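Chemist: For the sequence shown, position 36 matches number 36 in the numbering used here, and the numbering has no gaps at all.
Mind having a look at this structure? Questions to follow.
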Amino acid sequence: MLVNLLDNAIDHIGVEKTIKIDMKSIKNYFLLTIANSVNNRTVDENGNLIQTEEVKHGYGLKTIQAIVDTNAGNIRYEEKNHIFMVTLLFS
1 MLVNLLDNAI
11 DHIGVEKTIK
21 IDMKSIKNYF
31 LLTIANSVNN
41 RTVDENGNLI
51 QTEEVKHGYG
61 LKTIQAIVDT
71 NAGNIRYEEK
81 NHIFMVTLLF
91 S
């Protein structure tokens, strides 16, 4: 899962060439946030990913979503000031 997220961050990194990883254990939960710079808009106003023609196939994100669902968690996508963030919370 972490490899898929890092691959995505590397594949879509912006001109700033920045990737940040934050991992925390909070009580019985694990919180993982990966943020990377981006050049183009990546998330719409409803928090949904914007698909582009550059997107390869999306299997990695589907796999990540399945893992998060299996572990009673959630996944959130955000983008602000050319920084894309994916945050996962699961038990």
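Think of the CB as a built atom: it goes at the ideal place given N, C-alpha and C, for glycine as much as any other residue.
Keep in mind the model is a prediction, meaning the values are calculated, not measured.
1. Please classify residue 66: is it buried, with 16 or more other beta-carbons within 10 angstroms of its beta-carbon, or exposed?
2. Just tell me which of 42, 20 and 31 has its CA closest to the CA of residue 73.
3. If you scan the region 21-82 from start to end, which runs of the alpha helix (DSSP H) of 4 or more residues do you find wholly inside it?
4. List the endpoints of the continuous alpha helix (DSSP H) containing residue 3.
Modeler: The relevant details are as follows:
1. exposed
2. 31
3. 59-70
4. 2-11
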